[in-house]
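Numbering (this note's numbering), first residue to last: 783 to 972.
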């Protein structure tokens, strides 16, 4: 299980990531006029056309992560917000598939297009159920993590060996092997 993130860390990391995304989109739009490549221009236009969708997804997942970091009763809206964000994510994936179909002139997306409503529903339900199950089992996982078994403590102690311990083990192994050779030589003489 992953360590619990702080609210401040979530805010700083997500805002920083969003700023990098904005800078990348800005740079791509500048390069679009300077690079003479039709495919590159189509990709930048695709990003520009889906910019609002990407921003909405970012904001929804930002609030999902903020609410999931909070303590128990306050984190209950996280799965619902995440499920709404997953609908936008699936829409974006469908847009990508449609764009790739356009680029390579292949009609793959039209095969999936019939099942879009089913896919939206299944993704929404799986996201909500998974979110609430993670909230439900979070206390059990935390309790299991804090409760250590005695053999785990022993193996941790055994793992923390220093070079001095290793030197002693090598010295003891050499002593045992020379001692057994000397004893076998004594038996051979008799």
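C-beta atoms are modelled at their ideal positions from N, C-alpha and C, and glycine is treated no differently. Nothing here was measured: the structure is a model prediction, and the numbers come from that model.
- If you draw a straight line from the alpha carbon of residue 960 to that of residue 948, how long is it in whole angstroms? 18 Å
- Item | Per-residue DSSP class, three states only, for residue 787 | coil
- For the alpha helix (DSSP H) holding residue 821, just list the boundary residues, first then last. 820-831
- Task: Would you please state the rounded distance, in angstroms, between the beta carbons of residue 836 and residue 866? I believe it to be under 8 Å.
- Result: Between residue 866 and residue 836 the Cβ distance is about 15 Å, and since that is not below 8 Å, they are no contact.
- Message: Quick check: residue 857 and residue 849, are their CB atoms within less than 8 Å of each other?
- Response: yes
- Item | Spatial distance of residue 795 from residue 871 (CA atoms) | 20 Å
- Message: Just verifying my parser: in three-state terms, what is the DSSP assignment at residue 944?
- Response: coil
- Message: My output table needs one value for residue 858: the three-state DSSP class, helix, strand or coil.
- Response: When DSSP states are grouped into helix, strand and coil, residue 858 belongs to the coil group.
- Report yes if the CB atom of residue 846 is closer than 8 Å to the CB atom of residue 863, and no otherwise. Their beta carbons are under 8 Å apart, which means residue 846 touches residue 863 by this criterion.
- Task: Tell me whether residue 895 sits in a helix, a strand or coil according to DSSP, three-state version.
- Result: Correct three-state label for residue 895: helix.
- Grouping DSSP H, G and I as helix and E and B as strand, with all else coil, what is residue 883? helix
- State whether the segment 897-910 contacts the segment 871-889, with contact taken as three or more CB pairs (one from each stretch) at a distance under 8 Å. yes
- Item | Option nearest residue 788 by Cα separation, candidates 950, 952, 889, 852 | Just measuring C-alpha positions, the residue of 950, 952, 889, 852 sitting nearest residue 788 is 852.
- Message: I need the straight-line Cα distance from residue 951 to residue 942, nearest angstrom please.
- Response: 14 Å
- Message: If you reduce the DSSP assignment to three classes, tell me which class residue 889 lands in.
- Response: In the three-state reduction of the DSSP assignment, residue 889 falls in the coil class.
- Would you tell me roughly how many angstroms separate the C-alpha atoms of residue 821 and residue 814, rounded to the nearest one? 10 Å
- Task: To the nearest angstrom, report how far apart residue 829 and residue 807 are at their CA atoms.
- Result: 8 Å
- Taking only beta-carbon atoms, is residue 854 less than 8 Å away from chain B? Among the chains in the structure shown there is no chain B, since it carries only a single protein chain.
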